[in-house]
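**Student:**
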Amino acid sequence: MAQRRQAIDIGRKQEVIAWIEAEGDGKPTRAIANFRTKGWSLDGGTVRKWWRLKDKIKDTPSHQLRLAGGGRKKTSESLEEMLYDEFMNKTLKKEKVTRTWLSSTALAIYAEVVGENGGLFAASDQWVTDFMKRYGISLRRHTNL
């Protein structure tokens with residue numbers, strides 16, 4: 011059976027960086043042998059990467075597993091704000107809003123904001139779902155009594 015990838019938290023990375031600064035004379039590859047004797051399975055490239063990112067790693071709380079800033083960035087912050095404004099205007103007028111309407115309106119706004127040659131954007135079903143989650147949107151009908 012293949013060995014599973016083991017996530018290493020920021021606290022351990024901070025420990026390795028502190029050892030490199032104190033006893034490793036600023037050479038990250040010296041830490042590999044030291045921490046392997048302690049039972050850690052470390053790769054040289056991994057330690058060098060931590061050393062390059064040492065300032066970010068030091069500033070991150072030790073209980074976290076990852077550095078901040080990872081993941082895919084939003085296509086356009088203004089696109090989502092404009093789409094949400096359109097959504098609110100339509101719901102205030104008591105007009106029906108559908109997922110298809112959200113998708114087609116997002117594509118139209120994207121064409122206005124970025125332009126026709128601005129890159130690829132597909133307002134897919136998953137994108138609409140995630141947009142609705144981010145903004146707390148539910149398409150259930152409201153009852154007026």
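Each number in the working numbering comes from the position in the sequence shown (counting from 1) with 10 added on.
Note that the Cβ used here is the ideal one computed from N, Cα and C, for glycine as well.
From a predicted model like this one, the values you see are computed outputs, not experimental measurements.
Grab me the residues of Y145's own chain with a C-beta within less than 7 Å of its C-beta, minus the 5 sequence neighbours each way, in chain order.
**Tutor:** Translated into the one-based positions of the sequence shown, residue 145 becomes position 135. These residues qualify, in order along the chain: Y94.
**Student:** Would you identify the three-state DSSP class for E87, choosing helix, strand or coil?
**Tutor:** The residue you call residue 87 lines up with position 77 of the sequence shown. Three-state DSSP puts E87 in a helix.
**Student:** In angstroms with no decimal places, state the Cα-to-Cα distance between K106 and A116.
**Tutor:** Locating residue 106 in the sequence shown gives position 96, counting from the first residue. Locating residue 116 in the sequence shown gives position 106, counting from the first residue. If I take the Cα positions, the gap works out to 16 Å.
**Student:** For the putative contact between D19 and Q74, defined by C-beta atoms under 8 Å, what is the C-beta separation to the nearest angstrom?
**Tutor:** Here residue 19 refers to the residue found at position 9 when the sequence shown is read from its first residue. Here residue 74 refers to the residue found at position 64 when the sequence shown is read from its first residue. Indeed they touch by this definition, with Cβ atoms about 7 Å apart.
**Student:** At which residues does the alpha helix (DSSP H) containing A41 begin and terminate?
**Tutor:** Sequence index remark: in the sequence shown, residue 41 carries index 31 (1-based). Per DSSP, A41 belongs to the alpha helix (DSSP H) from 40-47.
**Student:** Under a Cβ-count criterion, where at least 16 other Cβ atoms within 10 Å of its own Cβ denotes burial, should L102 be classed as buried or exposed?
**Tutor:** To locate residue 102, count along the sequence shown from 1; it is residue 92. Flag for L102 reads exposed.
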